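Student: A single structure is presented below for examination.
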Amino acid sequence: MPARRLPKTLAPWREVLASAERESWFPLIFDRSVPAEAEAMDELMNDGEVVYIHDMLEAQLKDLVRSRTPSKNYTDDEVAQEIVRLLAGQTPQDYGRWAFYPWSRRMVHLLPPDPFIELRSDRNRNKITSEEQARLRKIKIALAGLSVGNAVAVTLALEGVFGELRLADFDTLDLSNMNRIRCAVHHLGLNKAIIAARQIYEQNPYANLVLFTDGVTPDNIGEFIDGTGPGDRADIVIDECDSIQIKLKLREEARARRLPVLMETSDRGMLDIERFDLEPDRPILHGLVGSVTSDQVNTLPPPARLGLILQIAGLHTISPRLAASLLELNLTLKGFSQLGSDVTLGGATTTTAVRRLALGMPLASGRVYIDVSSQLAEVTSPPLPDASHPRRLRDIAEVRELVQYAIMAPSHGNDQPWRFEYGDGVLRVFHDAERGGGREEIGRHWALVAIGGALANLQIAAGVKGREANIQLFPGKQDPSLVAEVRLGLRAGGPADDPLFEEIPRRNTNRGLGTRAHLSPVHVQALTAAARDSGAKLQLCTDRALLGELGQLIGEAERLRLLTPTLHGPTMRQIRWSEAEAHDTQDGIRVEALAVTPMDFAAFQLLRSTDVAKVLRDTNGGRLLMMSSVQALASSAAVGLLTIPGQSPTALVRGGQAMQQLWLTASALGVAVHPLNTLIDMFARVERFHGGGFDKREIQRFLEMRERFTRAFTVALADVEILLFRLSYADPAPLRTLRRPVDAVFSAPLPEKKSP
37 MPARRLPKTL APWREVLASA ERESWFPLIF DRSVPAEAEA MDELMNDGEV VYIHDMLEAQ
97 LKDLVRSRTP SKNYTDDEVA QEIVRLLAGQ TPQDYGRWAF YPWSRRMVHL LPPDPFIELR
157 SDRNRNKITS EEQARLRKIK IALAGLSVGN AVAVTLALEG VFGELRLADF DTLDLSNMNR
217 IRCAVHHLGL NKAIIAARQI YEQNPYANLV LFTDGVTPDN IGEFIDGTGP GDRADIVIDE
277 CDSIQIKLKL REEARARRLP VLMETSDRGM LDIERFDLEP DRPILHGLVG SVTSDQVNTL
337 PPPARLGLIL QIAGLHTISP RLAASLLELN LTLKGFSQLG SDVTLGGATT TTAVRRLALG
397 MPLASGRVYI DVSSQLAEVT SPPLPDASHP RRLRDIAEVR ELVQYAIMAP SHGNDQPWRF
457 EYGDGVLRVF HDAERGGGRE EIGRHWALVA IGGALANLQI AAGVKGREAN IQLFPGKQDP
517 SLVAEVRLGL RAGGPADDPL FEEIPRRNTN RGLGTRAHLS PVHVQALTAA ARDSGAKLQL
577 CTDRALLGEL GQLIGEAERL RLLTPTLHGP TMRQIRWSEA EAHDTQDGIR VEALAVTPMD
637 FAAFQLLRST DVAKVLRDTN GGRLLMMSSV QALASSAAVG LLTIPGQSPT ALVRGGQAMQ
697 QLWLTASALG VAVHPLNTLI DMFARVERFH GGGFDKREIQ RFLEMRERFT RAFTVALADV
757 EILLFRLSYA DPAPLRTLRR PVDAVFSAPL PEKKSP
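For the sequence shown, my numbering begins at 37 and goes up steadily by one.
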């Protein structure tokens, strides 16, 4: 039988119903704005074929309205007004789509495809970003075998992790399959591919499935992988079939086409990964089957085929119970032993692996074991708290107060990429890679600078509180996220008198225009000394012509940051578009702080649209975006560049400490500081991080900009740029960025209860 594909036009409902019980696998989607489809739906309804009508469209529309602006507390009247706008003149009856499920005779009223997908996937954010979801909805997956594969297929569908999913299985459902396939007893005898398709379409009637109800065979494997035309080839092959011959054949064909193959075995949570896309000469199944080919398998005697199964499963890694079961095949057992819990776990791990492959995240060839049973066997009871240790509790409270000062440090986009844990007299400071762009190399770069600033605050506050903060950077390789360990002892001589302590809560970013043209020589001397005492170097540019040149360069960098696709989304996610949103997240930057003029504010609102940004980028437009930087530099007393020797992680943290000392000194002097790090961020992306998402033309542009930048500042090859900033004398900044509550970033174990 040829592959079953969705009809390109609405299928005649009478023909579909003629074989609905055993053969129907996709819903009929009626669009009542099309007269012929409205007429067909009315005929279907009037013939009495619909046994249940499920119309919850109003609830879907309300949910859509609220999900699009979660920060707004809508009244019922406001929601009703938004729904009227969404209907755009259509009656509720004719809006959206009606999905008729032939196998259950149900008619369901739904949102149109795009709003349906938007709302259905809304709660994926931001574990999967909107941009990532859009990429995932384009991939094609070929999945062979729908016992374990049923859990994989349904989980892929739950997360919306495919644009087209090809399902292949020749087998029908037996009662003995139902220990691991989520289905109903009335599905007995039904083809497994049809069962999976129905399950998926009942979640998402707009899904795109192709069914191979003869399973994968040597005759149809080409169509299974390549589809029917150019650009139709699968991106990922998933093997969950039982046939050793087809397992090998799938890999032979995938390797020839440089496609990755995944296989979940439902034993010890083992997921097998073969990156033929990266390693086209890689031995099939990691060389475990030797030189045996798919053509040779069926010529082998049964004991030899069983030996292949054991080799594939892993002689030394297979669980003892499965190994024993394999030896009982066709004796006391008629099939492979599998558990529903293991199969369900396999759906989760395989879907996660698919996401990583599709999004270009690191995933090596090999095998990983998510052995839940073994991990549960090692569960230990946590120590119980003992309230008889008031000294320990006071100690935690004191350290918590120090952390409160630490987190007042600045960070890239105010993403606050830190986490603090206190125990055994040691405060451990971690890079929280879930914050901002922390998982990227450039994100970790700026995170370490921010953590350095937090450590500087911590040291100052500790001294004032009578504590000595001894900092050890990167104390061990076991946890790459551990940046520092701070041992807090009593300070010799008691509390310190540090004038910078009072500046920690006062320090802020001031983007206002300057009121004086020249920087005081006394201030120059104090700022230069603050940098030098921290092991850093401060260069100041006060030449008016060079300041104008720097304004152009910084403005161009800001323009490209807002227009470059890989940077547009992260930049917009840093912005808080309302006071309510800012208070909800306690991070990011208020749009009013960035938009110095009404024109800036309007530009930011327009640039929320990726389409607007794309048009401006494609036309080399957006010069208006440079104006604020040009005006700001023209009103500056100076522009400073802070650098520090070395480019290691340690140097970045030291640079962050120097940055904070410098900034607090400026605050004490009454000098406004406005960071302008976008330009040096772009330089770092191009020079240290492989181009950072820019095209060749933009990379060349930044190399030219670097040449112009050297007219104002000289940077040694061995140094790293920490902070580019504008200095001015300006009115106080009207807005301050918020910080997450200290308890969101600080944890400490309670005292352990001693045994009697």
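Just so it is clear, CB atoms sit at the ideal spot from N, CA and C, and this is done for glycine as well. As the structure is a prediction and not an experimental result, all values here were calculated from the model.
Would you identify the three-state DSSP class for residue 710, choosing helix, strand or coil?
Tutor: DSSP places residue 710 in strand when its eight states are reduced to three.
Student: Considering only residues of the same chain and omitting the five flanking positions on each side of residue 28, which have a CB-CB separation below 6 angstroms?
Tutor: Because the chain spans 37 through 792 in this model, residue 28 falls outside it and cannot be assessed.
Student: Using only the alpha-carbon positions, how far apart do residue 191 and residue 231 sit?
Tutor: Distance between the alpha carbons of residue 191 and residue 231 is about 14 angstroms.
Student: Does the pairing of the region 161 to 172 with the region 386 to 402 give three or more beta-carbon distances under 8 angstroms?
Tutor: Touching, yes.
Student: Look up residue 230 in the DSSP assignment and give the residues it is bridged to.
Tutor: Residue 230 pairs with nothing; no bridge assigned.
Student: Over what stretch of residues does the beta strand (DSSP E) that includes residue 681 continue unbroken?
Tutor: Per DSSP, residue 681 belongs to the beta strand (DSSP E) from 674 to 681.
Student: Between which two residues does the alpha helix (DSSP H) holding residue 587 run?
Tutor: Note, residue 587: alpha helix (DSSP H), 580 to 599.
Student: If you draw a straight line from the C-alpha of residue 586 to the C-alpha of residue 199, how long is it?
Tutor: The straight-line gap from Cα to Cα measures roughly 46 angstroms.
Student: With distances taken from CA atoms, which of 514, 515 and 464 is nearest residue 506?
Tutor: Minimum Cα distance to residue 506 is reached at 464.
Student: Assign residue 208 to one of three DSSP states: helix, strand, or coil.
Tutor: If DSSP states are grouped into helix, strand and coil, residue 208 belongs with the strands.
Student: Tell me the residue span of the alpha helix (DSSP H) that contains residue 764.
Tutor: That residue, residue 764, is in no alpha helix (DSSP H); its beta strand (DSSP E) goes 755 to 764.
Student: By the three-class DSSP mapping on this structure, what secondary structure does residue 559 have?
Tutor: Helix, per DSSP.
Student: Please classify residue 79 as buried or exposed, where buried requires at least 16 neighbouring CB atoms within 10 angstroms.
Tutor: Exposed is the call here.
Student: Please name the residue in 323, 641 and 650 whose C-alpha comes closest to that of residue 608.
Tutor: Of the candidates 323, 641 and 650, the one whose C-alpha sits nearest the C-alpha of residue 608 is 641.
Student: Quick one: what's got a C-beta closer than 8 angstroms to residue 311's C-beta in the same chain, skipping five residues either side?
Tutor: Around residue 311: 296, 318, 399, 400 and 401.
Student: Look up residue 139 in the DSSP assignment and say whether it is helix, strand or coil.
Tutor: In this structure, residue 139 counts as coil in the three-state DSSP scheme.
Student: Quick check on the DSSP output: the beta strand (DSSP E) that includes residue 464 runs from which residue to which?
Tutor: Residues 462 to 467.
Student: Are three or more beta carbon pairs between the region 738 to 756 and the region 509 to 526 nearer than 8 angstroms?
Tutor: Verdict: no, contact absent.
Student: Leaving out five residues before and five after residue 793 in sequence, what residues of the same chain have Cβ atoms less than 6 angstroms from its Cβ?
Tutor: The first residue shown for the chain is 37 and the last is 792, placing residue 793 beyond what the model contains.
Student: Compare the Cα-Cα distances from residue 300 to each of 717, 278 and 315 and report the closest residue.
Tutor: For the residues 717, 278 and 315, the minimum Cα distance to residue 300 belongs to 278.
Student: So what's residue 175 in DSSP terms, helix, strand or just coil?
Tutor: Three-state DSSP puts residue 175 in coil, outside helix and strand.
Student: What is the residue span of the beta strand (DSSP E) that residue 454 lies within?
Tutor: From DSSP, the beta strand (DSSP E) with residue 454 extends over 454 to 459.
Student: Please list the terminal residues of the continuous beta strand (DSSP E) segment that includes residue 164.
Tutor: Neither: residue 164 is in no beta strand (DSSP E) and is coded neither H nor E.
Student: Could you name the residues of the same chain whose beta carbon sits closer than 7 angstroms to that of residue 762, not counting the 5 residues immediately before and after it, in chain order?
Tutor: Around residue 762: 668, 669, 672, 675, 710 and 712.
Student: What are the start and end residues of the beta strand (DSSP E) that includes residue 299?
Tutor: Where residue 299 is concerned, the enclosing beta strand (DSSP E) stretches over 297 to 300.
Student: Look up residue 90 in the DSSP assignment and say whether it is helix, strand or coil.
Tutor: Residue 90: strand per DSSP, three-state reduction.
Student: If we count the other Cβ atoms within 10 Å of its Cβ and call it buried at 16 or more, is residue 446 buried or exposed?
Tutor: Buried, since its Cβ has 16 or more Cβ neighbours within 10 Å.
Student: Compare the Cα-Cα distances from residue 40 to each of 54, 125, 264 and 75 and report the closest residue.
Tutor: Per the Cα distances, 264.
Student: Here's the rule: buried if 16 or more other CB atoms are within 10 angstroms of the residue's CB, otherwise exposed. What is residue 159?
Tutor: Flag for residue 159 reads exposed.
Student: Apply the 10 Å Cβ neighbour rule to residue 131 and answer buried if 16 or more other Cβ atoms are within range, or exposed otherwise.
Tutor: Buried, by the Cβ-count rule.
Student: Return the chain-ordered list of same chain residues with a C-beta closer than 8 angstroms to the C-beta of residue 94, the five sequence neighbours on each side being excluded.
Tutor: Excluding positions up to five away in sequence, the list reads 119 and 128.
Student: Beta-carbon within less than 6 angstroms of residue 595's beta-carbon, same chain only, minus the 5 sequence neighbours each way: which residues are those?
Tutor: If we look at residue 595 and ignore the five residues flanking it on each side, its Cβ neighbours are 658, 661 and 662.
Student: If you measure between the beta carbons of residue 557 and residue 704, is that distance less than 8 angstroms?
Tutor: Taking 8 angstroms as the Cβ cut-off, residue 557 and residue 704 do not qualify as a contacting pair.
Student: Taking buried to mean at least 16 other C-beta atoms within 10 Å of its own C-beta, is residue 792 buried or exposed?
Tutor: At residue 792, the pLDDT of 44 sits below 50, so the modelled position is not reliable and the matter cannot be decided from this model.
Student: So for residue 791, helix, strand or coil by DSSP?
Tutor: Residue confidence is low: residue 791 scores 48 on pLDDT, short of 50, so the model does not pin down where it sits. Its coordinate-derived value is still stated next. Correct three-state label for residue 791: coil.
Student: Among 314, 242, 306 and 324, which one has its Cα closest to the Cα of residue 193?
Tutor: Checked all of 314, 242, 306 and 324; the closest Cα to residue 193 is 242.
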